[in-house]
Structure formats: C-alpha cells, structure tokens
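Accompanying notes for the structure given below.
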Amino acid sequence: MPNKSKSFFRFGLRIKLLLLSSFLFSLPWFGYQYVWEMEKYLRYGQEQTIVGTARALATALHERPNLFNNQASFLPNVEKGKDLYSYKLTTAIQLDGLPIDWPLFNSRAHYYGEKNQLVKPSSLLVTKSGTELKSYTNSTSNLSANKSSLHFNATVGQYDKYLYMMFTVVDNKLVYRNKNARGIFKNDHLEIGLSDPQNNFNRFIISNKKSGWLDAYKVETQVVETAGVEIKSFDYSAQNPTIKEIITVAPKIQGHWLETPQGYNVELRIPMEIVGDNIAFAFHDVDTEFTDALSIVGSADPSTAQTLGTVLVPSPEIERIVKGMSYTNSSVWVVDQHQRVLAKAGNLKQASGVWNKRTASNYSGSNDSNDSMITSLWNSIEENWLLPFYYKFLTKPPKDFIDELYDAQHLTGKHIKSALEGNAHSQWRLTTDQQAVVLSAAYPIYINNQVHGAVIVEETTNGIRTLRNQALEKLFTSIIAIMLLGATCFFLFASRISNRIRTLRNQAESSIDENGRINNQLVASTANDEIGDLSRSFSTAVNRLSQYNHYLEGMSSRLSHELRTPIAVVRTSLENLTMQQLPESTTPYLERAQTGINTLNLILTNMSEATNLEQMLATTERVPFNLQQVLVGCVQGYKQIYTDVEFSLNGLVSEDSHLNGKQSPNIQGSPEHIAQLLDKVFANAVEFSNDQKVSISLQETQSTFLIHISNNGKHLPELMKDRLFDSMVSMRDTKRQAQPHLGLGLYIARLIVEFHQGSISANDHHNPAGVTLSITLNKTGV
C-alpha cells in the first residue's frame with residue numbers, strides 16, 4: 176500500500192520550484208529603484224540645462240540698454256499706483272465700458288481713493304526764464320478739507336499697437352458736460368497726461384455730454400510771459416489774459432463712457448505711437464454744474480511733465496529675442512531691477528522640460544495584416560490590463576494644474592532676489608495646488624556692469640515623470656514577460672519531472688498488488704539522468720522480488736507435495752502398529768502420534784487451499800444462479816452443524832425460499848464458491864459469538880446484493896481492521912486454538928468476493944457490541 180499523506184495540501188515539486196522561482200519577483204523592485212536613480216540624474220541634468228538656458232538668454236540681453244525702458248526700468252524706486260505696469264493682453268479689448276473681457280481685472284486693478292487725492296495749486300509764478308506751474312500734490316497734509324466721495328479702480332494693458340486703460344469709478348453724483356457748454360472743465364471729467372516716445376508732453380481731457388463714445392480733447396496751454404509778475408489766481412478759463420489754452424479734438428483716443436448705478440466706467444485705448452515712458456491720470460469730481468471740481472483723485476499730477484508717473488510696457492523686442500532663440504519649450508520671464516515683468520514667453524503647463532520629438536509613422540511600408548492584428552491585440556491588453564495595474568503604484572503627471580505664485584506684473588522669489596543681487600540661483604518648488612513640481616532658474620542681466628534685470632526660466636518635471644513612467648512601463652512589461660516565461664518554464668520542467676516520478680510511482684504500485692504479489696514487471700527507463708537511474712534500479716529490484724515471490728508461491732505446493740509422502744509413511748506405520756499386539760502403556764503415545772499426523776495433514780491442506788482456489792477461480796466458468804436460494808440452503812445446513820447456535824434471517828431471506836424451485840437466477844458466478852465463502856464467514860461468526868446468536872440479512876438494490884452477517888462479541892482490534900482480509904492474519908487467542916489456523920479463511924473469502932466483482936468489509940456495531948461483516952455482490956446480466 177502506498178503511503179498517502181493525510182494533509183489537505185501537498186507540497187509537491189512544482190510548488191517547490193515555483194517558490195524557488197519567486198526570487199524573480201525581486202526584479203521589479205530592483206528595476207524600480209534603478210529607474211528612480213535615473214530620475215535623480217535626469218533632474219540634475221534638467222537643473223543644469225535650465226541654468227544654462229537662463230545664462231544664454233541673459234547673455235543675449237547683456238549691455239543692450241535699448242531693449243529696456245529708459246526711465247521706467249532705471250527708476251531707483253517704484254511707487255505703486257503712480258508707476259504703472261501695463262499687462263500683456265492676449266486679445267484686443269472690446270471698447271464697451273465693461274471690464275468682463277479684461278483678464279483678472281479684480282486682482283490686477285489698483286484702487287485709488289482718499290489717499291490719492293490731488294490738490295489744485297493756488298499760484299502760478301512767471302519768470303523771465305519761463306513759466307513754472309505749481310503742481311498737484313497727493314500729500315495728506317494738503318488734502319482738501321472736504322472728504323471726497325470719488326474713488327475708482329484702474330488697470331492698464333497693452334495689445335498690439337495700443338495701450339488700453341480701464342476705470343471703474345464710484346461717484347455719488349455724475350455731472351455731464353452741458354450740451355451748450357463751450358468749456359470742458361466744469362463737469363466730471365478725466366485728465367490724462369503723458370509723454371510721447373520723443374519725450375514731448377501731451378495732455379488730454381475726456382469730458383462727455385452723455386454716456387456713450389468718448390469725447391476726447393487735446394489741451395495745449397500757452398502762458399504769456401510777464402517778467403517778475405506772480406499771478407495769485409490759477410484758472411483754466413480763456414478770460415485770463417496770461418493763460419492761453421488751445422483745445423482740439425483727439426480722435427486717436429477712442430473708448431466708451433458707461434454710466435453705472437455706482438457711478439460710471441471709462442474704457443479707452445491710446446496708440447502706442449504717442450505713448451512714451453511717463454503717464455498720469457486723474458478724475459475731477461464736480462457735484463454742481465458750472466463749478467470747479469470738489470476733489471481730484473488720480474495716480475499723479477497730469478498737468479505737467481515733471482509730475483508724471485511712469486508706465487512700464489512689456490518689451491516686444493525682448494519677447495522676439497526669446498522666441499527667436501527657440502526657448503519657448505520653457506516658461507521664460509524677463510524682469511527689471513524692480514522685479515517687474517518686461518517680457519514673457521512660453522507656457523508653464525507646456526514646459527515639461529523634455530524636447531518633443533516627431534516620430535515617423537508607417538515609413539516602413541509594411542501592410543502586414545497579421546502584424547497589425549498582433550499590435551492591436553497587444554495594445555488592447557496593455558491599455559485594459561497592464562496600464563491600469565501599473566498606475567495603481569505610479570502617478571501620472573497632471574495635465575492641468577494651478578500656479579498662482581507669480582503675478583504678471585511683479586515676480587517674487589528667493590532665486591529672483593538672488594539674481595538681482597548678481598548671483599545666479601535655481602530652486603525647486605510646488606505649484607499652488609501642489610500637483611506639479613517646478614524647477615526655476617534666475618540669471619542676472621548686466622548693463623554697464625550693473626544688474627538691471629534678470630532672466631527667469633521655469634520648467635516642470637512632468638516630462639521627466641512621463642519618461643520615468645514610460646521606462647517603468649517598459650521595464651514592468653519586460654519583467655512580467657520574463658517572469659511569466661520563467662515561471663512557465665519552471666512549471667513545465669517541474670511537471671515533466673513530477674510526471675516521470677508519478678509514472679514511476681504508478682508502475683511500482685501496479686507491479687505489486689495489495690497482497691504483495693508481483694503482477695507486472697517494471698519497465699526500465701532509458702533516460703540518462705537520475706530519474707532514469709532510479710527507474711532502472713526499481714526495475715531490477717522488482718524483477719528480483721518477482722523471482723523470490725514466485726519461489727515462495729511455489730514453495731507451499733512443493734512443500735506440501737514433499738511432506739505428504741513421509742506423512743503417509745508415518746500414518747501407515749502407525750496404522751500397522753495399531754494392528755500389532757502392543758502393551759497398553761504405548762496406547763497414549765500412538766494416539767498422540769496419530770493426532771499430530773492428522774494436524775500436520777490439515778495444515779498442509781489449508782496451505783494449499785488458497786493456492787488451489789486461485790487456480791480454480793482462474794478457470795471457473797460463470798453460471799447464472801439464485802443467490803437467495805444458495806444463502807437459505809447454506810443457513811439450513813449450518814443449523815444442523817451448529818446445533819447450539821441460533822440463526823435469524825432478515826430481509827429477502829425466508830425459511831421457505833429454498834422450496835421455490837422456480838425462482839429465477841439473479842446473479843452470475845460460481846454457487847459452489849459462494850457456499851465456500853459463506854462457510855468461511857459463518858465459521859468466524861460462530862466462533863467469535865459470545866451469545867451463540869448470528870443474524871443474516873439480504874438486501875437488494877438496483878445493481879447489487881448486500882449480505883450482512885452479524886454476531887455479538889468483541890470489537891475488532893484497531894490495528895487489525897485494515898489487515899483483516901489479508902493472508903496469514905488471525906485474531907484468535909491460544910484458548911480458541913482447538914484446531915490449527917493459518918489466517919487464510921477471510922483471505923479466501925475475499926478472493927471469492929473479488930471473483931464475483933464485489934467487496935467485503937467488517938465493522939463494529941454497538942448495543943450490544945459486536946461485529947457486522949458486509950458482502951456486496953454486483954448483479955450481472957443473465
């Protein structure tokens with residue numbers, strides 16, 4: 176019998192080899208670490224590249240003061256609100272008086288209120304050398320005593336050849352210019368002063384009669400020189416003989432005056448051809464018609480060139496240089512010494528840090544449909560299975576992120592401050608929403624050996640992260656393919672080995688039956704390996720055991736044949752002695768000798784019975800017979816033999832079954848051997864019964880007959896239950912050894928049952944204790 180494991184899980188060769196191959200799972204980890212190290216080197220290379228980019232752009236701008244605004248960029252200090260910044264507009268503004276088409280108007284507009292009030296001068300001093308007008312002032316010590324209700328938000332932008340301005344004014348009372356009025360100052364109006372590129376001062380008045388298209392006028396003031404005369408009164412009216420004003424229509428200034436519930440909006444544009452470095456604007460608030468302004472609020476005094484503020488317009492020349500050097504793959508900023516943006520190129524969301532390469536497609540000219548089908552199948556597997564699995568561990572770089580660190584007017588940062596101090600610097604930072612990592616580098620711009628600006632170049636690490644993900648995708652795909660191929664090879668190799676070992680095991684099991692007999696010769700393997708050597712060794716061992724087993728099987732018959740002759744001689748001699756006149760004292764010895772000869776003869780008979788039975792069964796012809804009739808006949812015979820034993824019949828068995836000679840046959844086999852089987856079984860049942868009672872039952876199913884023979888007595892020993900029907904097995908003690916027993920009775924019974932294609936088993940029963948022997952015989956066609 177093979178030694179079968181009782182555990183549910185079997186730790187076979189295939190599982191062992193698969194576990195040994197699990198070291199392949201360490202390959203993804205090593206590959207992952209390697210790609211991370213490569214990403215560090217790529218980031219270092221990106222940092223060096225971006226610093227080089229900033230250096231190259233800064234070098235192209237060195238010692239070129241004409242690229243910078245002469246006054247606005249070189250101011251020692253910048254006063255917010257007075258020194259203006261013109262935002263770069265991407266599209267033209269519709270002049271409708273509404274701020275909705277101004278990008279980020281609320282965040283970019285500057286507030287002008289009480290602190291920005293301007294006071295009209297009280298005197299005009301005229302000298303021989305010229306006229307010096309007292310300018311407006313926004314000093315808080317000179318504010319008007321009346322609190323002004325006027326305040327507004329203003330922003331400036333530049334698109335193409337125009338400078339756009341947007342004002343949202345809050346005024347508790349709006350006074351338009353009278354329809355019949357010749358003057359333009361005795362009402363609410365906007366005053367703009369600016370210098371043109373030739374540094375000529377120009378002054379404009381926006382004074383509308385109603386809401387709608389702007390009424391723009393250019394004002395030129397001429398002062399009559401009167402040496403040494405100080406004019407105490409200052410009046411714009413033409414009645415003053417010392418002041419001469421020339422008012423002309425200014426068609427180049429276009430825009431819209433829109434009345435609102437809070438006051439009014441003014442939106443206008445001025446051609447860049449008349450806009451230089453300086454500008455100022457102020458709103459005059461008039462609450463009563465034909466009166467002077469109660470208050471004036473503005474960025475600076477627009478009446479004289481000396482009091483104007485500055486305006487910084489992004490330099491298109493610098494932007495052309497940046498774009499011309501093809502650095503728009505990065506986000507580039509150029510700032511002046513006050514960190515105001517002079518030029519900007521590129522988009523940070525597109526500045527991934529990796530140059531895009533064009534990949535040629537379908538240049539091979541191959542139209543193989545099989546290749547396209549395989550490629551399509553692989554792409555489907557990769558998109559639907561592999562990539563979703565990979566990106567449970569990887570992170571995709573965001574396609575859209577929010578970065579509000581920089582204002583389009585004013586840039587801040589440690590790297591920018593360091594560059595404006597003359598030291599190039601780079602830094603890593605997160606975007607505002609912390610979705611992307613940005614690398615920034617700043618490099619100073621020198622003019623006359625002084626820092627007058629800086630170049631800031633920025634890129635995200637999205638390109639490197641994309642390359643990292645692509646490398647990991649290819650790496651993981653290759654590793655998975657290698658692992659699957661390796662695991663498959665290991666599995667096939669283990670299966671091949673296990674199949675060969677299993678085949679060898681099956682051959683070894685089939686060559687020896689349950690009784691230890693050699694049935695088949697083991698076929699030796701021709702493989703030139705260890706398993707082949709083991710197979711040949713097994714084959715040799717089985718052949719030797721077969722020869723030895725054959726010798727032992729023939730030994731009983733030979734021994735019986737050889738012993739019967741001397742036994743016959745001894746028996747004859749004893750019989751002759753009994754016929755002679757012998758003393759009575761020898762009689763017990765003769766009887767004992769005769770008993771020994773009879774016992775020895777019975778032993779030889781039992782030894783040859785099993786062998787003879789197997790030979791007989793091999794040649795016995797199967798005939799149909801009625802099993803119930805045979806069983807009843809045997810039981811009636813046992814009642815005459817075992818007169819002290821009570822037999823009880825149950826089931827299909829009845830006392831008069833043997834009388835019905837017309838019962839049809841229901842089984843094929845040998846009725847004589849069935850009777851021999853019952854003799855052996857009933858002999859054991861009677862012998863081991865404690866109360867001299869034996870019960871017999873016969874049950875019929877669709878395909879089998881079940882015979883149960885029960886007695887009351889001791890239970891079967893645990894160690895003997897599996898060996899009860901083996902040869903040379905006996906459970907009798909010395910007290911029951913009235914006759915010699917070799918343990919062949921139940922073995923013979925098993926042989927007869929197997930001849931009839933059935934089975935036999937013994938089990939304990941309780942209440943009362945005893946043993947039930949069950950015989951199952953299969954029905955066959957009659």
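So for the sequence shown, the numbering used here puts the first residue at 176; every next one is plus one.
All C-beta atoms, glycine included, are put in the ideal place defined by N, C-alpha and C.
Because the structure is a prediction, the values reported are computed rather than measured.
Taking a contact as a CB-CB distance under 8 Å, the pair Ala-229 and Val-510 does not count as one, their CB atoms being some 12 Å apart.
Following the DSSP letters along the chain, one finds Phe-857 inside the alpha helix (DSSP H) bounded by residues 846–862. Distances from the CA of Leu-279 to each of Thr-330, Tyr-287 and Ala-231 were compared; the closest alpha carbon is that of Thr-330. With respect to the 8 Å criterion, Pro-477 and Glu-366 are classified as neighbours on the basis of their beta carbons.
By the criterion of a C-beta distance shorter than 6 Å, Lys-348 is surrounded in its chain by Asp-462, once the five residues flanking it on both sides are discounted. Where Pro-619 is concerned, the enclosing beta strand (DSSP E) starts and stops at 612–622. Boundaries of the alpha helix (DSSP H) harbouring Phe-280: 280–283, taken from the DSSP string. In the three-state DSSP reduction, Gly-438 falls in the strand class (E or B).
Beta bridge pairing from DSSP links Trp-553 with no other residue. Asn-598 and Leu-242 have their alpha carbons spaced roughly 22 Å apart. The Cβ-Cβ distance between Ile-359 and Tyr-392 falls below 8 Å. In the DSSP assignment, Trp-204 falls within the unbroken alpha helix (DSSP H) covering 201–236. A residue is called buried when at least 16 other Cβ atoms come within 10 angstroms of its Cβ; Met-730 does not meet this threshold and is exposed. If you check the CB distance, His-459 and Ile-471 come in under 8 Å. For His-590, no beta strand (DSSP E) encloses it; the enclosing alpha helix (DSSP H) starts and ends at 589–595.
Nearest in C-alpha terms to Thr-423, of all of Leu-433, Met-213, Val-394 and Arg-767, is Val-394. Pairing Ile-882 with Asn-825 gives a Cβ-Cβ distance that is not under 8 Å.
If you compare the alpha carbons of Gln-609, Ile-676 and His-890 with that of Thr-636, the shortest gap goes to Gln-609.
Sequence-distant Cβ neighbours of Ile-449 in its own chain, meaning closer than 6 Å and more than five residues away, are Asp-371. Under the three-state reduction of DSSP output, Gly-707 falls in the helix class. Residue pairing by DSSP places Arg-444 opposite Tyr-339 and Gln-429 in a beta bridge. DSSP places Asn-347 outside both helix and strand once states are collapsed to three, so it counts as coil. Inter-residue distance for Tyr-813 and Ser-760 is about 40 Å (C-alpha atoms, whole angstroms). For Ser-870, the enclosing beta strand (DSSP E) starts and ends at 868–875.
Excluding the 5 residues flanking it on each side, Gly-387 has same chain C-beta neighbours closer than 8 Å at His-431 and Trp-432, in chain order.
The stretch 702–714 makes no contact with the stretch 737–744; the number of CB pairs closer than 8 Å stays below 3. Under the 8 Å Cβ criterion, the stretch 682–699 does not count as touching the stretch 658–665, having fewer than three qualifying pairs.
With a threshold of 16 other beta carbon atoms within 10 Å, Thr-485 meets it and is buried. Only residues of its own chain outside the window of five on either side were considered, and among them Arg-378, Ala-455, Pro-477 and Leu-483 have a CB closer than 6 Å to the CB of Gly-368, listed in chain order.
A direct Cα-to-Cα measurement between Leu-806 and Phe-930 gives close to 18 Å.
Its chain contains Ile-693 as the residues whose beta carbon lies nearer than 6 Å to that of Ser-721, once the 5 sequence neighbours on both sides are disregarded; these appear in chain order. Taken through DSSP and simplified to helix, strand or coil, Ser-382 comes out as coil. Less than 8 Å divides the Cβ of Ser-382 from the Cβ of Arg-352. By the 16-neighbour rule on beta-carbons within 10 angstroms, Ala-793 is exposed. Going by DSSP, Ser-673 is part of no beta strand (DSSP E) but of the alpha helix (DSSP H) stretching over 637–686. In the three-state reduction of the DSSP assignment, Asn-942 falls in the coil class, being assigned neither a helical nor a strand state.
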